[in-house]
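Chemist: Okay, so the sequence shown: first residue is 3 according to this note's numbering, each after it adds one.
Glycine is no exception: its CB is placed at the ideal position from the N, C-alpha and C atoms.
Quick caveat, the model's predicted, so the values are computed rather than measured.
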Amino acid sequence: MRVLMGAAHDGLVGDDDLAELYAPPATPWLRVNMVSTVDGSATGDSGRSGSINNAADKKVFDTLRRIADVIVVGAGTARTEGYGPVSTPIVLVSRHAEVPEKLRGAEPGLVLMATCAQADHLDEARALLGDDQVLVLGSHRVDLAALRTTLVDRGWGNILCEGGPHLLRDLVAQGVADELTCTLVPRLVAGTHPRITDGPPIDVPLTLHTLLEEDGTLLGRWLLA
């Protein structure tokens, strides 16, 4: 992997350098990590991001998870992508509070639910995860600014969000995200696959912080203005 611009490293970098290259410049810090094809698709034919990512993307994905204090993800994305428990706490974001099947047997404290008071599966989530692990933030939708504050108050200042497109759009629209980390894989897939953002229009400028390249794959860090 080589540095194209923005990082202190000059030229080639090894896997051991990635933690330094992707270190947050401040805390608290909330970054969203996504992957896209050149023609703008966030998934391939399987409907999962795993059908378009590659070895270079996996290196960054693993690094970001390793250095994060907590992982935030939309419950629908976790369900579609087949998330299971990992050593880093996972916070599911859902207006319905329905816990994906593969995350229901996690060790206590490793899976949390961020939801709202009107969620139709609220009692079920509390029974599955425990009252302390269900964060009721808002009445009819999840207050994402309150979510960020709540996670920081728990000591989780390095927050990694893994999407999906609706959650990325809402985090940006509400001014909650600090960074978009995005891999651009050298593929074209056409079709009607989703983009990395989905929802009502937004227009938010980004500042390129770092750009890496490996075998035609571009891996960038963009800061939100």
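1) Cα separation between Ala-58 and Gly-46?
2) Residues in its own chain within less than 7 Å of Gln-120 by CB, not counting five upstream and five downstream?
3) Leaving out five residues on either side along the sequence, give the residues of the same chain with a beta carbon under 7 Å from the beta carbon of Val-178.
4) Count the other CB atoms within 10 Å of the CB of Asp-134; is the residue buried (16 or more) or exposed (fewer)?
5) Tell me the DSSP bridge mates of Arg-143?
6) If Leu-208 and Gly-8 are in contact, beta carbons under 8 Å, what's the gap, nearest whole angstrom?
7) Could you give the distance in angstroms between the alpha-carbon of Arg-81 and the alpha-carbon of Lys-104?
8) Going by C-alpha distance, which of His-98, Thr-65 and Trp-224 is nearest Val-174?
9) If you drop the 5 nearest sequence neighbours on each side, which residues of the same chain put their C-beta closer than 6 Å to that of Met-36?
10) Helix, strand or coil: which one does DSSP assign to Val-191?
11) Rounded to a whole number of angstroms, what is the C-alpha to C-alpha distance between Asn-55 and Val-187?
12) Who are the near neighbours of Thr-90 in its chain, counting only those whose CB is closer than 7 Å to its CB and skipping five residues on each side?
13) Does Glu-2 come out as helix, strand or coil in the three-state DSSP assignment?
14) Mind checking which residues open and close the beta strand (DSSP E) that includes Glu-126?
15) Can you check which of these residues, Ser-96, Ser-48, Ala-127 and Gly-111, is closest to Thr-194 by C-alpha distance?
16) Do the CB positions of Leu-139 and Val-101 come within less than 7 Å of each other?
17) CB Val-5 to CB Leu-214, shorter than 7 Å?
18) Could you tell me which of Ala-108, Ala-25, Pro-167 and Glu-181 sits nearest to Asp-200, measuring between CA atoms?
19) Classify Arg-106 as buried or exposed, calling it buried when 16 or more other Cβ atoms lie within 10 Å of its own Cβ.
20) Using DSSP with H/G/I as helix, E/B as strand and the rest coil, what is His-211?
21) For my contact list, Gly-159 and Pro-27 are in at a C-beta cut-off of 8 Å; report their separation, rounded to the angstrom.
22) Where do the ends of the beta strand (DSSP E) carrying Gly-78 lie?
23) Closest by CA to Leu-226, which one among Leu-190, Leu-170 and Gly-218?
24) DSSP puts Thr-117 in a beta bridge; with which residues?
Modeler: This is what the structure gives:
1) 17 Å
2) Ser-141 and His-142
3) Leu-32, Leu-146, Ala-147 and Arg-150
4) So Asp-134 ends up on the exposed side.
5) According to DSSP, Arg-143 bridges with nothing at all.
6) That belief does not hold up - the Cβ atoms of Leu-208 and Gly-8 are roughly 13 Å apart, past 8 Å.
7) 8 Å
8) Trp-224
9) Taking C-beta separations shorter than 6 Å and ignoring five residues to either side along the sequence, the partners of Met-36 in its chain run Gly-165, Cys-184 and Ile-198, following chain order.
10) coil
11) 7 Å
12) Arg-67, Ala-70, Val-72 and Ile-73
13) Here the chain has residues from 3 to 227 only, and residue 2 is not among them.
14) That residue, Glu-126, is in no beta strand (DSSP E); its alpha helix (DSSP H) goes 124-131.
15) Ser-48
16) no
17) yes
18) Distances from the alpha-carbon of Asp-200 to those of Ala-108, Ala-25, Pro-167 and Glu-181 put Pro-167 closest.
19) Counting Cβ neighbours within 10 Å, Arg-106 comes out exposed, since fewer than 16 surround it.
20) strand
21) Their Cβ separation, rounded to whole angstroms, is 12 Å, which puts Gly-159 and Pro-27 out of contact at 8 Å.
22) Looking at the DSSP string, Gly-78 is not in any beta strand (DSSP E); the run it does join, the alpha helix (DSSP H), is 77-83.
23) Leu-170
24) The partner list for Thr-117 (beta bridge, DSSP) reads Val-138.
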